[in-house]
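Numbering (my numbering), first residue to last: 38 to 846.
This is the structure:
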């Protein structure tokens, strides 16, 4: 009887426990994870229950949900590289109500420890509105390794991104074959206002002052404006975080190639409602050298300063930022030919015609630029996740270019460009079940030639006025995020200049254009994501493409409105055609880009495929060797036609072990002038890179160390146009007109293999890096570098850098 009673009680107790278990394991926890400073949603954050195996990842809106919880009170463990969690140790009792669901907002505070080089953890406010477009990011630690590099060189290791150049100092970013003012550079929230025409001008941005750089590879005109037809590059300065201890940094280094030295410093601190940052740097290089000779007149001198403050008052954030860059950039002396014969000899020679001993002197030809940027910004956080932003900026860009001529002390080009930018943006969440941005923008530019050059201005004076309005909205349902955007731009250009007879000409033209974007992000599985975006964009041909006239660098160039063919078929430049009377039209692009990302335990794969059709694509093409007052010189004209770009980028990141990581990158682009059925000139060839990084455990007195190997191979550009020897053009053996098949003065160079090696270590607050670029001292020429006509690229370079960081506890 007792046994029966015992079994009965055990049975009843078990049922109760089972019922209790079923009841208690029905709890649910929902919430959202935000950046404590910016209130932006943080995607891909791991949220787990301490002491269990239950976890989930936040979606693109930072939202998460955990089901089947057995306890009414749990502790959340938040894992997100680059952030420290201020709520992990607290229990979460308020989230757990069986009958009613409550959402929780969890704020993560940015950690002072630098982010991993390939981890994108924070959704930058300026990248909102482009979540369906392929993009990549470089963090501050990676940028610090080479603080003297150009912006274009800094991002060139990304698949699908490279640069076009006019020597070692002037480099312009190229995204999927497009560059110039088809790629918008956003500097601290403002379109960088510089002389962005041709491959002879690079953005004046101090890489040492950048906190991170984001590259958007799709048509981003809806979010950023007409000059984002090919993509956008977003450069962010100091984040100006609150509640941060005093941080001071000083760095210095030395390059063997060019005997270059540099120093930079910065100090920042954040209090409860106030933060500030001050930084600056100085860089100087002498003549660089190829493996077999010196590259005479290739030095560089740069000075930079930047400062920013941020103040918080109730729901308002106030920001002020200023930056200044002063550059003196030398161009290869042998690129300037005194006659047609010397140009022919320079093109056909294996060595530059002018080689002098090393010097720090910067002589003609050279460029002197000064760039000032001032920005003020107000953020009104009317809720934790929504805000209204008003941003105003003003920039002054002063440029002087000097040529090899009799009165060389006078600049051949003397320009002042003033840019003003006014932006009003509304970042909203869950408005009619939509998340997105609405914005208005007024943009102006005033460009003036200063007198005293004794030349006909290469480009005319002009004023640009643009009114813009845009909206981008996102809607998330299940595993899909849909994004749609529309932008309207009205642009007016007023132009004043002088023709070849020094008579004044004027032109005034306006455009009204619509830009659209439609995209999707699909979570295929826990480890796989698919993005697709179809975007349209437009661009007004820039002033060089329309009105350029005369010598610029080693060549003579004529814009589309500065030349015409007479009844005898001869090219004439004695008049300026009004735009309304010409056949010149704005560029209109249609880009479809798709990206697949697969994240596994030890492998990450990213494949990006795209097609880009551009109506009225404007390009510069050789015309011949033209007679000038200096004798025959290479002549170029601008032309336009419909063109097609098709390409793919592939990245494979492999975790070989806990200490060994590899990254493979491959880029391919096929392009063609489909209207004329001929190749385009100056398009990037196939390129593949591999980076193998070994993280070394602490040993001896080193707290950490790494060793990196990076081999790369750039293929011969098999899509290059035909080649015609300049001598045949001078002798008249080959006759070229604007209707002739495109050609080049020099054949595309052979493919080449490069190897870079670097070693770095950390000891307390001191970090050091030793890099060897072009380790094998390879002799090669870069197809996208205009100086390939005259000289080889730089040879081996040893780079030594030291950085000391002081953090007050």
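Using N, Cα and C, we set each Cβ at its ideal position, and we do this for glycine too.
Query - residue 261 (DSSP reduced to helix, strand or coil) - result: Position 224 of the chain shown, counted from the first residue, corresponds to residue 261. Three-state DSSP puts residue 261 in a helix.
Query raised in the report: Taking the alpha carbon of residue 691 as the point to measure from, which residue in 472, 407 and 731 has its own alpha carbon closest?
Result: Within the chain shown, residue 691 is the residue found at index 654, counting from 1. Selected option, being the one with the closest Cα: 731.
Query raised in the report: Helix or strand or just coil, what does DSSP make of residue 820?
Result: The count along the chain shown starts at 1 and reaches residue 820 at position 783. The answer is coil: DSSP assigns residue 820 none of H, G, I, E or B.
Report task. Indicate the three-state DSSP secondary structure (helix, strand or coil) for residue 591 in the structure shown. Result -> On the chain shown, position 554 is the one that residue 591 refers to. Here residue 591 sits in coil by DSSP.
Requested in this report: Output the distance between the C-alpha atoms of residue 370 and residue 723, rounded to the nearest integer angstrom.
Outcome: One-based indexing of the chain shown puts residue 370 at position 333. One-based indexing of the chain shown puts residue 723 at position 686. Residue 370 and residue 723: Cα-Cα distance of roughly 30 Å.
Query raised in the report: For residue 414, is the classification buried or exposed, using 16 other Cβ atoms within 10 angstroms of its Cβ as the cut-off for buried?
Result: Start at 1 with the first residue of the chain shown, and residue 414 comes out as number 377. Buried: at least 16 other Cβ atoms inside 10 Å.
**Report entry** Per-residue DSSP class, three states only, for residue 763
**Finding:** To locate residue 763, count along the chain shown from 1; it is residue 726. The answer is helix: DSSP assigns residue 763 an H, G or I state.
Query raised in the report: Among the residues of its own chain, which have a CB less than 6 Å from the CB of residue 155, if the five just before and after it don't count?
Result: If you number the chain shown from 1, residue 155 lands on position 118. Its pLDDT being 33, under 50, residue 155 is placed unreliably in this model, and the value from its coordinates should be taken loosely. Same-chain partners within the cutoff: there are none.
Query raised in the report: residue 341: buried (16+ other C-beta within 10 angstroms of its C-beta) or exposed?
Result: Counting from 1 along the chain shown, the entry for residue 341 is found at position 304. When all chains shown are included, residue 341 counts as buried.
Report task. Measure the Cβ-Cβ separation of residue 316 and residue 307 and say whether it is below 8 Å. Result -> Taking the first residue of the chain shown as 1, we reach residue 316 at position 279. Taking the first residue of the chain shown as 1, we reach residue 307 at position 270. Their beta carbons are not under 8 Å apart, which means residue 316 does not touch residue 307 by this criterion.
Query raised in the report: Per DSSP, what kind of secondary structure is residue 78 in: helix, strand or coil?
Result: Along the chain shown, one-based indexing puts residue 78 at 41. Residue 78 falls in the strand class under three-state DSSP.
Query raised in the report: Out of 143, 504, 716 and 434, which has the shortest C-alpha to C-alpha gap to residue 409?
Result: Walking along the chain shown from the start, residue 409 turns up at place 372. Cα-wise, what sits closest to residue 409 is 434.
Requested in this report: Kindly indicate which three-state DSSP category residue 801 falls into: helix, strand or coil?
Outcome: Sequence index remark: in the chain shown, residue 801 carries index 764 (1-based). Here residue 801 sits in coil by DSSP.
Query raised in the report: When DSSP builds the beta bridges, which residues end up paired with residue 272?
Result: One-based indexing of the chain shown puts residue 272 at position 235. Residue 272 pairs with 224 and 250.
Query raised in the report: Can you give the Cα-Cα distance for residue 838 and residue 844, rounded to whole angstroms?
Result: In the chain shown, the residue the question calls residue 838 occupies position 801. In the chain shown, the residue the question calls residue 844 occupies position 807. Each residue's Cα considered, the two are about 20 Å apart.
**Report entry** the stretch 794-802 contacting the stretch 743-758, beta-carbon criterion three pairs below 8 Å
**Finding:** yes
Requested in this report: Would you kindly work out how many angstroms separate the C-alpha atoms of residue 432 and residue 484, rounded to a whole number?
Outcome: Within the chain shown, residue 432 is the residue found at index 395, counting from 1. Within the chain shown, residue 484 is the residue found at index 447, counting from 1. Taking the straight line from one Cα to the other gives about 12 Å.
**Report entry** Spatial distance of residue 829 from residue 759 (CA atoms)
**Finding:** The residue labelled residue 829 in the question sits at position 792 within the chain shown. The residue labelled residue 759 in the question sits at position 722 within the chain shown. Each residue's alpha carbon lies about 21 Å from the other.
Query raised in the report: Is the number of C-beta pairs between the stretch 266-275 and the stretch 219-235 that are closer than 8 Å three or more?
Result: yes
Requested in this report: Tell me whether residue 613 is buried or exposed, calling it buried when 16 or more other Cβ atoms sit within 10 Å of its Cβ.
Outcome: In the chain shown, counting from the first residue as 1, residue 613 sits at position 576. Residue 613 comes out buried.
Query raised in the report: Roughly how many whole angstroms lie between the Cα atoms of residue 288 and residue 191?
Result: In the chain shown, counting from the first residue as 1, residue 288 sits at position 251. In the chain shown, counting from the first residue as 1, residue 191 sits at position 154. If you take the alpha carbons of residue 288 and residue 191, they lie about 18 Å apart.
Requested in this report: Report yes if the C-beta of residue 673 is less than 7 Å from at least one heavy atom of the ligand FAD; otherwise report no.
Outcome: The ligand FAD is not part of the structure shown, which contains no ligands of any sort.
Query raised in the report: In terms of residues, what are the limits of the beta strand (DSSP E) holding residue 521?
Result: Taking the chain shown and counting its residues from 1, one reaches residue 521 at position 484. Per DSSP, residue 521 belongs to the beta strand (DSSP E) from 517-535.
Query raised in the report: Whose C-alpha, out of 357, 459, 182 and 243, is nearest the C-alpha of residue 502?
Result: Counting from 1 along the chain shown, the entry for residue 502 is found at position 465. The option with the nearest alpha carbon to residue 502 is 459.
Query - Reduced DSSP secondary structure (H/G/I, E/B, other) of residue 137 - result: Your numbering for residue 137 matches position 100 in the chain shown. Only weak support is given to the placement of residue 137: the predicted model assigns it a pLDDT of 36, under 50, and the question is left unresolved by the model.
Query raised in the report: Among 569, 623, 586 and 337, which residue has its Cα nearest to the Cα of residue 575?
Result: Within the chain shown, the letter at position 538 stands for residue 575. Cα-wise, what sits closest to residue 575 is 623.
Report task. Could you tell me whether any Cβ in chain D is nearer than 8 Å to the Cβ of residue 651? Result -> The structure shown contains no chain D; it holds only a single protein chain.
Query raised in the report: Should residue 807 and residue 254 be called a contact, given that it needs their Cβ atoms to be closer than 8 Å?
Result: The residue given as residue 807 occupies position 770 in the chain shown. The residue given as residue 254 occupies position 217 in the chain shown. Not in contact: residue 807 and residue 254 (Cβ atoms no closer than 8 Å).
Query - Cut-off 7 Å between Cβ atoms - residues of its own chain near residue 560, not counting five sequence neighbours on either side - result: Counted from its first residue, the chain shown places residue 560 at position 523. Cβ within range, chain order: 516 and 566.
Query raised in the report: Per DSSP, which one or two residues make a beta bridge with residue 472?
Result: Counting from one through the chain shown, the residue named residue 472 turns up at place 435. Answer is 511, bridged to residue 472.
Query raised in the report: Could you check where the beta strand (DSSP E) with residue 741 kicks off and where it finishes?
Result: What you label residue 741 is simply residue 704 of the chain shown in a count that begins at 1. First-last of the beta strand (DSSP E) with residue 741: 741-751.
Query raised in the report: Is the stretch 273-289 touching the stretch 808-816, taking contact as three or more C-beta pairs under 8 Å?
Result: no
Requested in this report: Kindly list the residues whose CB is nearer than 6 Å to the CB of residue 833, restricted to its own chain and excluding five residues on each side of it in sequence; keep chain order.
Outcome: Counting from 1 along the chain shown, the entry for residue 833 is found at position 796. Closer than 6 Å at Cβ, skipping near neighbours: 811 and 814.
Query - Where residue 382 falls: helix, strand or coil (DSSP) - result: For the purposes of this step, residue 382 is taken as residue 345 along the chain shown, with counting starting at 1. Reduced to three states, the DSSP call for residue 382 is helix.
Query raised in the report: Do you know offhand how far residue 115's Cα is from residue 278's?
Result: Stepping through the chain shown from its first residue, residue 115 is reached at position 78. Stepping through the chain shown from its first residue, residue 278 is reached at position 241. Cα to Cα, residue 115 sits roughly 21 Å from residue 278.
Requested in this report: For the alpha helix (DSSP H) containing residue 179, list its first residue and its last residue.
Outcome: As a position in the chain shown, residue 179 is number 142, starting the count at 1. Looking at the DSSP string, the run of the alpha helix (DSSP H) that includes residue 179 is 177-181.
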